[in-house]
Every structure is written in structure tokens, then in C-alpha cells.
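What follows is one structure encoded as C-alpha cells, with my remarks underneath.
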Amino acid sequence: MTATIVSPTPTKLPPSTHEFAEVIHRLEAGGAMLPDTPENLMQIIGLYKAYAVPMDFYWRDLLYIAEQVFLNPLPFFKYFISDEYLKLHNHYAGDDADLRIWRGEATAHPELLEFIEKGELKSKLPRLFHHWYHDRINMEFAEECMRAMLWHGRDMGMGQFDAYLDSEEYRQNADRAIKAYFKGNPLMLGLYKAFPEMFIEQVRQMSYYSNLGLFWEIMAPVFFEMSDLYDEGKIASVPDAMNFLVNGIFAISGRPIYHHVYIRGECYEIIPKSKGFMWLYEAALPYVEAVFYRTSPFRGTKSYNAQAGQVPAEQKDFHYGVLYADKFPVGTAGIPPTLLAQDMLHFLPPYLVEYYQHHCRGEDDMLIQLAVSFQRSMYCVTSAVIQALRTALLYPLDDPNPEHLMANRQFFEAQLDRFKRPEARLRNIQTQDYR
Amino acid sequence: MLSVLIWLPIAGAAVLGCLPQSVPTKQVRNGALAISGVVLLWSIWLFTQFDLTNPVFQFQEHLPWIETLGLDYDLALDGLSLVLVGLNSLLTWIAILSSSPRIERPRLFYSLILLVSGGVTGAFVAQNLLLFFLFYELELVPFYLLISIWGGAKRGYAAIKFLIYTAISGALILAGFLGLIWLSGAADFSYASALGQTLPLGLQVVLLTVLIIGFGIKIPLVPFHTWLPDTYVEASAPVTILLGGILAKLGTYGIFRFGLGLFPEAWAKLSPVLAIWAAVSILYGALAAIAQKDIKRMVAYSSIGHMGYILLGAAALTPLALVGSISQMVAHGLILAILFHLVGVIEQKVGSRELDVLNGLLNPIRGLPSISSLLILGAMASAGIPGLAGFIAEFLIFQGTYSIFPLQTLIAVVGTGLTAVYFVILLNRTCFGRLDNATAYYPRVEFEDRFPALILAGLIAFLGIQPSWLVKWSEATSTAMVAAVPTVEQIATVPDAAVPDATVPDATVPDATQLEVALPKEILLPAQTTP
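Read top to bottom, the protein sequences are chains X and H. Here this note's numbering runs 10 ahead of the position in the first sequence, where the first position is 1. Here this note's numbering runs 12 ahead of the position in the second sequence, where the first position is 1.
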């Protein structure tokens with residue numbers, strides 16, 4: 011199913027009185043929460059490209075950890091991805107793709123391979139040296155996203171994936187895999203017998219590794235293709251970019267989410283594909299809710315005093331995600347957005363580097379400038395999700411029935427109510443003053 | 013040798029002042045830096061030539077001038093003068109380095125700074141009371157202009173206040189000097205003649221009180237301090253560095269040289285009062301600093317408190333306390349200079365000095381991380397954290413004063429604790445917390461913004477871990493000064509008319525004849541060598 015957001019006829023509804031009326035009218039006109047300006051378009055597309063390259067590593071390593079490292083009690087080398095996984099064919103790129111989204115190769119992106127080989131130092135040192143020097147792709151950010159999904163999974167009430175992790179079937183599957191993995195290791199098997207829940211919980215975490223890996227396996231080629239289309243002049247506006255995302259969401263919404271583990275050459279299906287868990291409902295939407303909206307207070311950004319009520323009692327009230335995050339502390343040790351920003355910094359397109367050099371402190375604060383651009387780009391992605399949900403659940407934007415249009419408006423207003431919070435950055439991204 | 017330190021900057025000031033307007037600001041600044049740099053190198057060379065074991069005046073220069081007035085061109089320095097001359101040369105160079113390369117009216121600005129430098133050095137090395145007074149007054153007008161032209165919004169008010177207070181200070185000092193010379197019947201205004209005065213103790217106390225108030229305004233001591241916060245806050249950063257780092261030391265130098273040096277008996281008698289005064293100053297400065305919302309005003313009040321330590325050490329009259337006090341002059345000068353420079357950078361970049369506005373400056377990318385880090389170091393030094401110069405000076409003072417004035421010393425220790433309190437407030441609100449997304453688009457900090465602070469930080473750390481480089485210059489001088497002061501018992505038994513001469517040798521200082529054996533005649537005490 012594909013959907014193209016079309017401009018509605020300018021009739022029927024009185025102006026919205028919502029705080030974000032301008033944004034709502036833009037959404038009703040088929041636009042995004044982000045204003046449609048060439049500057050915004052350049053930033054979001056440039057960031058999609060810069061994000062996609064490390065993301066190409068993230069999904070490969072997430073799957074490597076979920077499928078190969080699994081329950082290794084001393085996973086020192088979990089970020090040292092094997093050649094097999096670097097060459098693993100993306101199902102949405104290359105000639106043998108299930109559905110070719112990106113026209114590039116199915117194996118790891120050339121810029122990623124070059125970076126892995128030489129790093130920021132531009133010298134061929136043993137990978138361990140690059141790793142110790144922190145000259146690497148920072149998987150910590152990806153793991154933080156995975157943990158956000160795991161932690162909020164129970165509470166979000168989305169899909170069936172998380173509920174399945176508590177099922178007896180899942181436990182049995184996990185049990186088989188655990189026993190196979192620790193076969194011949196009486197110490198670990200003894201520990202498993204003594205503390206079974208601890209091991210099962212670790213397997214659940216591995217299942218979320220797989221979930222996120224499969225989610226990003228799709229997003230990386232989507233972003234690569236958007237970047238290429240922009241370079242070719244085929245994406246010329248923010249709504250164009252958003253429409254591409256909406257179409258992409260529908261095109262691959264049915265992609266299965268599963269968790270397989272490979273132990274001594276044998277595949278253990280902890281979550282079989284046959285369970286029918288779909289990419290859109292079990293990965294994309296939970297990801298957006300957990301990572302874009304909720305996450306958790308990052309260490310280093312601010313001192314939060316839970317006892318003083320500075321941290322909400324309910325997880326659903328958490329609003330620390332990218333749409334709300336304060337990007338100014340980027341660069342501070344210990345906060346995952348810094349690690350992501352560092353990853354993206356390596357792969358910025360030249361036009362964006364030049365753009366940043368002309369603003370604020372130029373190269374000195376590029377990390378924050380790109381983090382703010384990233385925030386803009388994620389508002390565009392969120393707009394695509396909102397429009398996709400509206401398309402799936404409600405009515406077309408050009409529906410002739412005013413009641414249907416009012417239902418659409420109420421949906422948009424309800425979505426934007428979440429950005430009334432003072433820390434939401436929706437207000438900020440409406441102008442270019444926020445950098 | 014010493015004349016170079018006075019006349020090179022003054023001549024440089026004249027040259028810079030006469031440069032055509034077409035000369036770019038940067039070149040004028042570079043010229044001032046070069047002149048002050050040569051002066052600094054000359055001072056360093058003096059340090060290398062200084063005889064540490066000799067408590068008497070060295071590098072003497074004598075030139076008869078207006079003999080009818082008793083005014084001669086007498087210069088010399090001892091351990092006390094030496095460190096302050098070095099401090100003056102360094103901070104003048106730092107102040108010029110700290111100034112903006114785009115400052116308005118650069119020729120006048122740098123001329124005035126060099127004029128101040130020459131005048132202050134002259135005051136530190138003058139061996140004639142009138143000559144000292146002339147140099148002391150020489151900095152008055154330049155500072156007035158520096159504040160009133162390049163100051164903040166209320167610069168006119170601050171400059172006038174400074175002028176009035178300093179003029180009163182000068183009048184009191186002149187009155188003290190005239191009283192001393194006329195009443196003692198000394199032949200001239202030379203320091204050596206004044207040293208030999210035998211005035212009654214009561215008269216000495218009166219004259220000493222006049223001098224203490226005169227110099228106390230300059231330091232300043234509570235309650236003569238009210239000019240300081242306004243002046244420090246309104247003056248530009250380079251001028252504040254000179255005001256706090258050097259000018260205040262002119263006051264403490266005057267108290268040591270002319271209060272303690274010329275009236276040792278009266279000093280010993282007044283010392284309990286002075287110790288209480290010092291303790292009150294320390295507490296007042298610290299408590300007032302805690303109440304401030306403007307970080308520059310906070311640092312200004314901290315200066316008042318820290319000047320109290322110097323007076324406390326002087327009041328205790330032990331060699332250790334005196335060495336501590338002199339070290340504190342240097343340490344305070346360096347620490348205040350770094351703090352004012354950094355506050356100046358923060359004000360320039362952020363556009364505010366208000367605690368309620370500043371926040372999160374330690375942010376590594378959008379904040380001022382290096383400036384904030386140096387500010388933390390400066391605050392730690394000021395709070396007397398071990399390993400930094402401030403600790404050495406304060407520790408020596410406390411060690412030296414506790415046996416004499418235990419209560420006042422304990423109050424001073426509490427004052428040190430309060431210093432930590434207000435600096436924690438300052439750092440917590442300024443450096444920590446989160447940057448305001450709406451306003452935190454500050455300009456980049458350039459290396460030239462950091463450079464002066466890096467030099468000062470290096471010195472503060474070096475002197476903190478190698479304290480002998482801080483104290484060794486003044487040890488012999490301090491010992492000699494203390495030795496010249498009679499004990500309380502001696503004061504009680506000696507009749508007023510027969511107060512011992514401070515220059516008369518006693519058992520604790522080397523005999524002049526002993527010194528003659530080892531040292532050339534020209535570097536002995538002026539009283540013994542001048543014809």
C-alpha cells in the first residue's frame with residue numbers, strides 16, 4: 011500500500027484554536043511539523059545520510075549480538091562485528107533485495123567500511139587500538155535505544171511482541187537456546203538453574219536487540235535512498251521527504267520481526283517468523299514511542315531528583331526523547347546523544363559541513379548543530395508516522411466530508427497536545443534561530 | 013637598575029601616546045606588550061641577582077634632587093619590594109594581554125597603563141617618603157581616566173568615588189609623613205632618616221593610625237572599602253586586574269614599609285586591635301561576597317576579605333606570619349588577576365555577570381569550558397585549596413598568627429571556609445547546570461582569551477607545589493622586620509622618650525659589621541651607607 015499526501019481543498023473547517031494551529035494547518039495541508047524551507051530540507055536530508063551510515067553498522071551489530079554473541083557472560087568483543095555480518099545482505103538494498111528501497115549495494119556502506127578500517131585517525135591500526143581510542147562507531151547509543159524499547163515495552167501497550175516475551179512458548183524457546191548455548195558449561199547451567207529469571211530476562215533483551223536491528227535494517231536504506239534522491243533533485247521539499255517516509259512505512263510495514271539465535275551452526279528460533287509480528291506495529295511504532303518520545307533522563311544532562319518529583323512516577327509520562335531532548339549538553343561525557351552525534355559527525359555530507367561552518371561556532375560546535383538538525387529530521391520522521399497513522403486509521407486529507415476532516419483535526423490536535431510540554435522542541439524548530 | 017623599571021614604562025607611555033592615529037590598535041597593543049615584556053624580563057633578571065640571605069636594601073640608586081625639600085631620588089629594594097615589583101611587572105603585562113585588541117582609544121589606554129606601571133614600581137622602590145608619595149599619587153589620575161573612559165555603565169560615579177577616596181588616602185599619608193619628619197626633626201624625607209626617629213610612643217600611635225587609615229583606604233580595609241565594589245565592577249577587566257592585583261598591594265606595602273617599618277613599637281601596641289580589625293574585614297568580606305548576585309562584585313568583596321589575612325599576618329608580628337602575609341600579597345595578586353580576567357571573558361562572551369542568568373558554562377561545546385575550568389581553579393586557589401598558591405600563603409599566616417591571636421586566627425579560618433561557600437555558589441550557578449537554549453549562542457573563546465589565564469594558572473599551581481619560590485624572597489626581610497620590633501615587655505619598660513631605634517642591631521639580626529664582612533658596602537642598610 012502506498013500513500014501520497016495530497017493537498018486538501020481549502021474548505022470546510024474553521025481555523026484551529028490549538029496552540030500549534032499553524033502546525034496543524036500544515037499537517038492538514040499534507041505538510042510536516044517541520045516548516046517547508048530549503049534550509050530545513052537540506053538539514054534533514056543531510057542528517058538522514060549521516061545517520062544512515064552508522065545505522066548500517068548499528069543494525070548489523072545488533073543482529074550480530076542477538077544472534078551470535080547472545081548470552082556470552084563476558085562480551086568484550088560484541089562491538090567487533092564479524093565479516094559475515096558486515097557482508098550480510100540488507101533485505102532492502104542490492105540486487106537480491108526482497109524489496110529494493112536503496113539502489114546501492116546490499117553489503118555494508120563503503121564509507122562505513124572505510125571508517126571501520128581506518129577510523130577518524132585515517133590510519134590502519136589494529137581494530138582494538140581504534141576501539142580503545144574511541145575511534146569507532148558507538149554502539150552504546152544503539153543499545154540505549156534498545157533498552158528504552160525494552161524498558162517501556164511493557165507499558166506502551168503496543169502490538170503483541172512484548173506480551174509474547176512473557177508467554178510460556180517464549181520461555182520454552184528461550185530455555186532451549188540457553189541450554190544449547192551453555193552446553194558443556196556446568197557453571198553457567200548451574201547458575202541458570204539457580205536464577206532462571208535472570209537468564210530469561212537477558213534473552214528478552216536479546217530479542218529487543220534483534221527487534222531494533224530488524225527495524226534499522228529497513229531505515230538505513232530508506233535514508234540512503236532519500237539522500238540520493240535529494241542529490242538528484244528528486245526530493246525538493248520537506249513534504250516530499252515526509253511522503254517518501256510514509257510510502258516507505260506502508261511498503262515495508264509487514265516485514266516480519268523475529269529473533270533467531272545461531273549456536274554451533276544450528277538456528278534456534280526464539281521468536282519464529284511464523285508468529286507474524288510485523289515491522290510497523292512491533293518495531294516502528296514502539297520505537298517511535300520509546301525513543302522519540304519517552305526514553306529516560308540521560309545522565310549528564312541535568313540532575314534529576316526522583317524523590318522531589320522531578321522524574322514522573324509513571325513511565326508513560328516520560329518525555330526525554332529526541333523530540334524533547336535538550337541538545338545543548340551534547341558533548342558531555344556519558345550521554346548517548348553525544349555518542350550518536352559523534353558517529354554522525356564522521357559521515358556528514360560536504361554541503362552540511364559547509365553550512366555548519368557558517369553558523370554559531372562553526373566546526374567547534376558542529377556536534378550540537380548537527381544534533382539540533384537531527385532533532386528537526388526526527389520531527390519530520392514523526393510527522394510521517396502521524397500522517398501514516400492518520401492514513402491507516404482515519405480519512406484522506408482531501409475527504410469531502412467535514413466530519414471526517416474534523417476527526418482528522420482532532421487526531422492531529424491530540425498528537426500535538428504531546429508537544430505542549432515546555433521542554434518540547436516543536437516551538438524551537440519552527441525557526442532557524444534554534445541551532 | 014631599578015630606574016629602568018620606572019622610566020622604561022613611563023617613556024614607553026610617552027612614545028605610545030605620541031603615535032599617530034593611523035597606527036592600528038593591534039600595533040599599539042603589541043608595542044605596549046613589548047615594553048611591559050621588557051620590564052617583566054628586567055624584573056626577572058633582578059630576581060636572579062637578588063641576594064636572598066641579605067635582609068637589607070639592595071640595588072640602591074641615589075641622586076640628589078630638591079635638597080631644600082629633603083627630596084632625593086633614592087631607590088632600593090628588599091625582599092618585600094622585590095616580590096611586589098615582580099608582581100607589578102607581571103600583572104601589567106597580563107593586563108595588557110588581557111585587553112581587547114579592538115579597544116577604543118588604544119594609545120591613551122596603553123599609555124595610562126604603562127604610566128601606572130612605572131608609578132607603582134617607583135612607589136615600591138622609593139627610599140624617600142616624599143618620592144614614595146609622588147609615585148603613589150602618580151597612579152591616581154591614570155586610574156581615574158582608565159575607569160572613567162573604559163568603564164561600565166556607572167563608570168563616572170565609580171571613577172569619582174575612587175578619586176575622592178584615593179585623594180583622601182593620599183592626604184592622610186602625606187600628613188603622616190610630614191608629621192613624622194617635622195616632629196622627629198629629621199633632616200630630610202629619606203627612609204633611613206625616618207627609621208631613626210625617636211618619637212614618644214603616644215605620638216607614634218597617632219601617626220601610625222593616620223598612616224593605617226591612609227593605606228587602609230587603598231587596600232581597602234573595612235569600613236573604608238565602599239569605593240572598591242563600585243570601582244572594581246565598573247572598571248574594565250584589565251584595569252580591574254591592576255586595581256586588585258597591584259593597587260591594593262600598594263596599600264599593604266605602605267602598611268608594612270611605613271607602618272610596621274617606621275613605627276614598630278606603636279605597631280606592636282596596636283597589633284591586637286589590628287588583628288581584630290583584620291578578622292572583622294575577613295568575615296565582612298566573605299559574608300558580603302556570599303550575598304552578591306554579580307560575580308564581579310562577588311570577587312571584589314572576596315578581595316576585601318583576603319586583604320584581611322595580610323593585615324592579620326602583619327599584626328601577629330612573627331616571621332612566619334609576615335612571610336605568609338607577603339606571600340599572600342603575591343598569591344592574592346595572581347588569584348585576583350585570574351579571577352577578574354576570567355570574569356571579564358565571561359562578561360564579554362555571555363553579556364552578563366548575573367548569577368541568575370549565567371548557567372552551564374562548563375558545557376564542553378556550547379559553553380566556555382576552558383574558561384570555566386580555569387575559573388574553578390582560580391576559585392579553588394582563592395579558597396585556599398592545598399596544592400595552589402593561596403593555600404601556602406594562608407597556611408603560613410594561620411601558622412604564624414595562631415600562637416599570638418588564636419581567636420582571630422580561628423575567625424580567619426572560618427573566613428576561608430566562607431570563601432569556599434561563596435565560590436561554590438558562584439561555580440555551581442555559573443559553571444554547572446544547563447545552558448539556556450534560548451540564549452546560549454555565545455561567541456567562540458579564542459586562545460588569546462585563555463592565554464593570560466593559562467599563564468596565571470600555571471604560576472598559581474607552580475607556586476602551590478613549589479612554595480619556596482613564593483616565600484624565599486621575603487624570608488630574610490620578614491625576619492629583620494620582626495626583629496626590629498620590641499617585645500611587649502620591652503615596650504612596657506622603655507620610657508616613651510627612649511624608644512629603641514629600629515635600626516639598632518639586636519641579638520636576632522645580623523650585626524652591620526658582620527654584614528660588612530660578607531657584603532659590599534653599597535647594599536647595606538641605607539642609614540649605614542648613605543652619606
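Ideal Cβ positions, reconstructed from N, Cα and C, are used throughout, including at glycine.
Item, Value
"State the CB to CB distance for the pair residue 345(H) and residue 261(H), rounded to an integer number of angstroms; the pair is presumed to be in contact (CB under 8 Å).", "6 Å"
"Using only CA atoms, which one of 90(X), 64(X), 167(X), 104(X) lies nearest to residue 74(X)?", "90(X)"
"Quick one: residues in its chain with C-beta nearer than 6 Å to the C-beta of residue 7(H), no 5 flanking neighbours on either side, listed in chain order?", "The structure shown does not extend to residue 7(H), since chain H is modelled only from 13 to 543, so the question has no answer here."
"I need the straight-line Cα distance from residue 24(H) to residue 126(H), nearest angstrom please.", "7 Å"
"Starting from residue 177(H) and walking both ways along the alpha helix (DSSP H), at which residues does that stretch end?", "167 to 196"
"Tell me the DSSP secondary structure of residue 86(X) in three-state form.", "coil"
"When you compare only the Cα positions, how much space is there between residue 75(H) and residue 311(H)?", "42 Å"
"Tell me which residues share the same chain as residue 384(H) and place their Cβ nearer than 6 Å to its Cβ, disregarding the 5 neighbours each side in the sequence.", "373, 374, 443"
"Please list, in chain order, the chain H residues whose beta carbon lies closer than 9 Å to that of residue 342(X).", "374, 375, 376, 377"
"Where do the N-terminal and C-terminal ends of the alpha helix (DSSP H) with residue 172(X) fall, by residue?", "171 to 174"
"Using a beta-carbon distance below 8 Å, is residue 447(H) in contact with chain X?", "yes"
"What three-state label does DSSP hand residue 40(H) in the structure shown?", "helix"
"Indicate whether at least one CB of chain H lies closer than 8 Å to the CB of residue 371(X).", "yes"
"Residue 277(H) to residue 496(H), Cα distance in whole Å?", "9 Å"
"Spatial neighbours of residue 263(X) within its chain, please: C-beta separation below 7 Å, excluding the five flanking residues on both sides.", "288, 289, 290"
"Should residue 451(H) be labelled buried (16 or more other beta-carbon atoms within 10 Å of its own) or exposed?", "exposed"
"Any contact of the region 112 to 124 of chain X with the region 46 to 64 of chain X, i.e. 3+ C-beta pairs under 8 Å?", "yes"
"Would you list the one or two residues that DSSP bridges to residue 103(X)?", "112(X)"
"Short check: CB of residue 273(H) to CB of residue 332(H), under 8 Å?", "no"
"Just list the beta strand (DSSP E) runs in the region 368 to 395 of chain H, keeping only unbroken ones of 3 residues or longer that don't cross its boundaries, in chain order.", "none"
"Please state whether the Cβ-Cβ distance between residue 426(X) and residue 34(X) is less than 8 Å.", "yes"
"Would you kindly report the start and end of the unbroken alpha helix (DSSP H) that includes residue 155(X)?", "149 to 166"
"Can you pull the DSSP bridge partners for residue 89(H)?", "70(H)"
"Which one or two residues does DSSP pair with residue 12(H) in a beta bridge?", "Given that chain H is displayed from residue 13 to residue 543, the structure contains no residue 12(H) and the question cannot be resolved."
"Going by other Cβ atoms of all chains shown within 10 Å of its Cβ, with 16 needed for buried, is residue 398(X) buried or exposed?", "buried"
"Apply the 10 Å Cβ neighbour rule to residue 373(X) and answer buried if 16 or more other Cβ atoms are within range, or exposed otherwise.", "exposed"
"Apart from the five residues just before and just after residue 276(X), which ones in its own chain have a Cβ nearer than 8 Å to its Cβ?", "190"
"Counting only beta-carbon atoms, is residue 297(X) nearer than 8 Å to chain H?", "no"
"With 7 Å as the C-beta to C-beta threshold (strictly closer), list the residues of the region 440 to 465 of chain H near chain X in chain order.", "446, 447, 449, 452, 453, 456"
"Can you tell me whether residue 345(X) is helix, strand or coil according to DSSP?", "coil"
"Classify residue 353(H): buried if its beta carbon has 16 or more other beta carbons within 10 angstroms, exposed otherwise.", "buried"
"On the CB-based measure, 16 or more other CB atoms within 10 Å of its CB, does residue 242(X) come out buried or exposed?", "exposed"
"Kindly indicate which residue of 192(H), 55(H), 223(H), 219(H) has the alpha-carbon position closest to the one of residue 209(H).", "192(H)"
"Measuring CB to CB, does residue 256(H) end up less than 8 Å from residue 228(H)?", "no"
"For residue 148(H), report the span of its alpha helix (DSSP H) as first-last.", "141 to 150"
"Where does residue 77(H) sit, in a helix, a strand or coil, going by DSSP?", "strand"
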